[in-house]
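Take 24 as the starting number for the sequence shown in this note's numbering and just add one per residue.
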Amino acid sequence: MKKFFASTVLSVVFSTSAFAAGPYGSINYGHWKGGAYIDDKTGVFTNCIVSAPYVSGINMYVMVDKNAQWSLGFSKDSWRLDKGLRFPIVLTFDGNSPAKVEAVAINHDLVFVPMPDDSQLIRDFRKSRRMSVYAAGQLFQFNLDGTSVILPSLANCVKIMRAGGLAAASNFVLRPMPRQAASNATDTGSLAPNSQPSQEYQVEAVELAYNFLMKAKLPEGRVLPRAETPVELASFGAVWKAGDATGFVRVIPGDATLKGLDVAATVIGNDAKACKGKFASGRMSEMVDSEIVFRGFASCEDSDGARGSQYFIVPRQKGGFVLFSVQTSPKIGQSNTIDNEAKITDFRKAAVVSVSAK
Numbered sequence: 024m025k026k027f028f029a030s031t032v033l034s035v036v037f038s039t040s041a042f043a044a045g046p047y048g049s050i051n052y053g054h055w056k057g058g059a060y061i062d063d064k065t066g067v068f069t070n071c072i073v074s075a076p077y078v079s080g081i082n083m084y085v086m087v088d089k090n091a092q093w094s095l096g097f098s099k100d101s102w103r104l105d106k107g108l109r110f111p112i113v114l115t116f117d118g119n120s121p122a123k124v125e126a127v128a129i130n131h132d133l134v135f136v137p138m139p140d141d142s143q144l145i146r147d148f149r150k151s152r153r154m155s156v157y158a159a160g161q162l163f164q165f166n167l168d169g170t171s172v173i174l175p176s177l178a179n180c181v182k183i184m185r186a187g188g189l190a191a192a193s194n195f196v197l198r199p200m201p202r203q204a205a206s207n208a209t210d211t212g213s214l215a216p217n218s219q220p221s222q223e224y225q226v227e228a229v230e231l232a233y234n235f236l237m238k239a240k241l242p243e244g245r246v247l248p249r250a251e252t253p254v255e256l257a258s259f260g261a262v263w264k265a266g267d268a269t270g271f272v273r274v275i276p277g278d279a280t281l282k283g284l285d286v287a288a289t290v291i292g293n294d295a296k297a298c299k300g301k302f303a304s305g306r307m308s309e310m311v312d313s314e315i316v317f318r319g320f321a322s323c324e325d326s327d328g329a330r331g332s333q334y335f336i337v338p339r340q341k342g343g344f345v346l347f348s349v350q351t352s353p354k355i356g357q358s359n360t361i362d363n364e365a366k367i368t369d370f371r372k373a374a375v376v377s378v379s380a381k
C-alpha cells in the first residue's frame, strides 16, 4: 500500500516528477489506515491519506491536501483504464439526492475524484452509512463505516503537519469520546447549562476549532492545549491563536427558545462591560450556503489599546449553537486584519463548513 501511494496517487496528482514519502504518523481507525505524506525530494508536507479495502476487491482512498481540499480515490487490480480518461460519476449517500462529479484515470487501475468544497457533500459523506457510485454503466456500493472519525482525523492530520512539520507527526485520530455526565461542570453562564455533558462539548469544540482554522486558512494557526484554556471555556470551548489573531469556539447547548441573535447580543454585551472607553457594536443574520449565520461585531478603544471582535453563531445540528470568535489587537499604525469584508466572508464560510462537517 505504501508503494502504491508513492508511485501513483502522490506522484501524479501533486507532481509529475516528485515522489512522496510516508506515511508519517498514523490514522488507524476501523478498516481505515493511513497517515501524512511529504514530497520525498523537498520534505514539504503534501497531504494526509487513508485507505480501506472492500470485499469487492476495490480499495477506497480519502485524501485531504495541505490546502484543505479533499478527494476520493478508487482502485481495483482487474480494471483496465486508459490513463488520463475523464468521465462523469454520480455519488448517492443513503439514497438521498445524487451528486455529479468528475473522475480521472490516473493509471489503468486507479481513479481519482477531486471533490467540490461543498458543506452538504462533506456532511453526507461523513454522516451516511452507505455510498453508491454510478460510473460507466456500473453501480458500486460502499459501506461508510468510520467516516465520522476519519474525516476530522484527516483534518487534524493536515493541521498538525502544517503547523509542526514532520517532527509533529503522531497519532492523528480524533476518537469519539463516550458520553459522560459532568458532576461538577464549570458554570459557564446562561448560554451553557452546567447539567450537560461538558467534556463531550469540549472535545467537539476542539474538533470544530481545528476545522475552522483549516478552512479559514489562518497563518500559523494552532489550538491551545487544555492546560492553556481559560477556566470559563474549559468544558465547552477551545481557544486558538494565529498570527496577530486569537479566538475561541464554544458549544452552546440549548432548546428552541434560544435565538441566534440573542447569543450575539450576549457576547457583545460582555464586550461592552469589559470596555472602559469608546465602544461600538452591531449584530445581524446572514445566509451562507443556505445556512443562517448570526453575526455580532464589536470594537473597543480604551487605555488597554484598540481591539476588535467578530462573532459567528451557527445553528448546531444537535440543538443550540456553535459560537466562533475572532479577535485582534492591532498595534499602532497597523490595520485590523479581521475587519475587511474579504476576511469576514472567509470566516463566515469557515464557520458554516466546520459545523456542517460535524
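All C-beta atoms in this analysis are idealised placements derived from N, C-alpha and C, irrespective of residue type, glycine included.
Per DSSP, reduced to three states, the secondary structure at Gly107 is coil, with no helix or strand assignment.
Ala265 and Gly187 have their C-alpha atoms some 14 Å from each other.
Judged by DSSP secondary structure, Cys323 falls within the beta strand (DSSP E) whose first and last residues are 314-325. Counting the other CB atoms within 10 Å of its CB gives Lys301 a total below 16, which places it among the exposed residues.
Counting along the chain, the unbroken alpha helix (DSSP H) around Ala288 starts and ends at 283-297.
Inclusion of Ala44 and Tyr60 in the CB contact set at 9 Å is warranted, their separation being smaller than that value. Counting along the chain, the unbroken beta strand (DSSP E) around Lys301 starts and ends at 301-311. Counting other Cβ atoms within 10 Å of its Cβ, Val113 stays below 16 and is therefore classed as exposed. Per DSSP, Ser377 is one residue of the alpha helix (DSSP H) stretching across 364-379.
DSSP places Gln143 within a helical segment (H, G or I) once states are collapsed to three. Looking from the CA of Ser120, the closest CA among Gln161, Leu144, Ile129, Phe97 belongs to Leu144. The three-state secondary structure of Gln340, taken from DSSP, is coil. Met184 has its alpha-carbon roughly 8 Å from the corresponding atom of Ala190.
Contact between the segment 129-142 and the segment 92-99 is established, with three or more Cβ pairs separated by less than 8 Å. A straight line joining the alpha-carbon of Arg306 with that of Ser322 spans about 12 Å. For Gly187, the enclosing alpha helix (DSSP H) has its first and last residue at 170-187.
As computed with DSSP, Glu125 is found in a beta bridge with Pro111. Excluding residues up to 5 positions away in sequence, Ile291, Asp294, Ala295, Gly319, Phe320, Ala321, Ser322 lie with their Cβ nearer than 8 Å to the Cβ of Ser304 in the same chain. Judged by beta-carbon spacing, Val124 lies beyond the 9 Å limit of Lys182, meaning their Cβ atoms are not closer than that value.
Counting the other Cβ atoms within 10 Å of the Cβ of Gln340 gives fewer than 16, which makes it exposed. In the structure shown, the three-state DSSP call for Met237 is helix. By the CB criterion at 9 Å, Gly107 and Ser155 fall outside the cutoff. For Asp88, the enclosing beta strand (DSSP E) starts and ends at 82-88. Between the alpha carbons of Ser171 and Val67 lies a distance of about 28 Å. Tyr77 sits in coil when the DSSP states are folded into three classes, being neither helix nor strand. Taking 8 Å as the upper bound for CB-CB distance, Ser352 and Leu231 are not in contact here, some 24 Å apart. DSSP lists no bridge partner for Gln92. In the same chain as Gly277, and ignoring 5 residues on each side of it, the C-beta atoms closer than 6 Å to its own belong to Gly343, in chain order.
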